[in-house]
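**Student:** Structure in structure tokens, see below.
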Amino acid sequence: MSGKRIRLSVDPPAGCRIVTLAAGLVLASILACLAGLLVKPTAMFFTEGDFSVGSVLLFVVYVVIMCAVLYAVGALARVYLRMGRTRTWLRGTVLVERRIVLRRKIDLSTARVELRQTITAGDVTLILVAIDQRSGRSLELTVVDGAMILPGSELTALARAIVGVPSLGARAGDDHANAMIVAGRLSELTAVADERP
């Protein structure tokens, strides 16, 4: 994993990450308080032993509402924390993505790589998918998303990482041919990226 670290431009700007991380932490705190509001009445319900039909129905409605609120706040907290914590960089030939808690690393010079293209409402999205051949883990990196395209220097670095060190011979047959096609396509996109302001 030697080589220069190149931070990829797929992450939100630093100011945005700080705001979303703070919002995620606030939402996580609210989530903990809400969980306390669910646990205490539940414990009281079962210890007091009032199991009349009205009490049971009221308790069930309360639990359902609280669970829905917990789910919504938890989902929002996860989105904000993920946006605030996720970063992607390339170190040598290794693509690294830091998530909320863990990091995923895949060596692009040995991984099975492909470009997936989707078109939604006229906007083209091109995603680089790298699959580690030993573990089966994968990473996805958005290369083109409508008008957004990675800078030419980053596309060139990705293409070089995919080609890797030829003497290692890490890929064989179709995987090698596909890797060369993907690297070539990224190199072609470099010219498009360099033309944009």
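First residue of the sequence shown: 1, per the numbering used here; consecutive thereafter.
Ideal Cβ placement from N, Cα and C applies to all residues, glycine included.
Does the contact criterion of 3 or more C-beta pairs under 8 Å hold for the stretch 73-90 versus the stretch 129-138?
**Tutor:** no
**Student:** For residue 164, which residues of its own chain have a beta-carbon under 6 Å away from its beta-carbon, when the five flanking residues on both sides are left out?
**Tutor:** Position 164 of the sequence shown, counted from the start, is the residue given in the question as residue 164. For residue 164, where only same-chain residues beyond five positions count, the Cβ hits under 6 Å are 93 and 109.
**Student:** Candidates 50, 28, 53 and 59: which alpha carbon is nearest residue 39's?
**Tutor:** As a first step, residue 39 is located in the sequence shown; it is residue number 39 there, counting from the start. Measuring from the Cα of residue 39, the nearest candidate turns out to be 59.
**Student:** Is the beta carbon of residue 8 sitting closer than 9 Å to the one on residue 70?
**Tutor:** For this step, residue 8 is matched to residue 8 along the sequence shown. For this step, residue 70 is matched to residue 70 along the sequence shown. For the 9 Å CB-CB criterion, residue 8 and residue 70 do not form a contact.
**Student:** From the DSSP secondary-structure annotation, give me the bridge partner or partners of residue 77.
**Tutor:** What you label residue 77 is simply residue 77 of the sequence shown in a count that begins at 1. Partner(s): none; residue 77 has no beta bridge.
**Student:** Fully enclosed by the stretch 127-188, which beta strand (DSSP E) runs are 3 residues long or longer?
**Tutor:** 138-145
**Student:** Tell me whether the beta-carbon of residue 106 lies closer than 9 Å to the beta-carbon of residue 131.
**Tutor:** Sequence index remark: in the sequence shown, residue 106 carries index 106 (1-based). Sequence index remark: in the sequence shown, residue 131 carries index 131 (1-based). Contact flag set, yes.
**Student:** Which of the three DSSP states is assigned to residue 112 in this structure?
**Tutor:** Locating residue 112 in the sequence shown gives position 112, where the first residue counts as 1. It is a strand residue.
**Student:** Which residues bound the beta strand (DSSP E) around residue 106?
**Tutor:** Within the sequence shown, the letter at position 106 stands for residue 106. Run containing residue 106: 103-107, per the beta strand (DSSP E) assignment.
**Student:** Could you give the DSSP three-state label for residue 30: helix, strand or coil?
**Tutor:** For this step, residue 30 is matched to residue 30 along the sequence shown. Of the three classes helix, strand and coil, the one that applies to residue 30 here is helix, per DSSP.
**Student:** DSSP state of residue 18, grouped into three classes?
**Tutor:** Stepping through the sequence shown from its first residue, residue 18 is reached at position 18. Three-state result, residue 18: helix.
**Student:** Just the Cα atoms here: how many angstroms apart are residue 178 and residue 146?
**Tutor:** If you number the sequence shown from 1, residue 178 lands on position 178. If you number the sequence shown from 1, residue 146 lands on position 146. Computed Cα separation, rounded: 24 Å.
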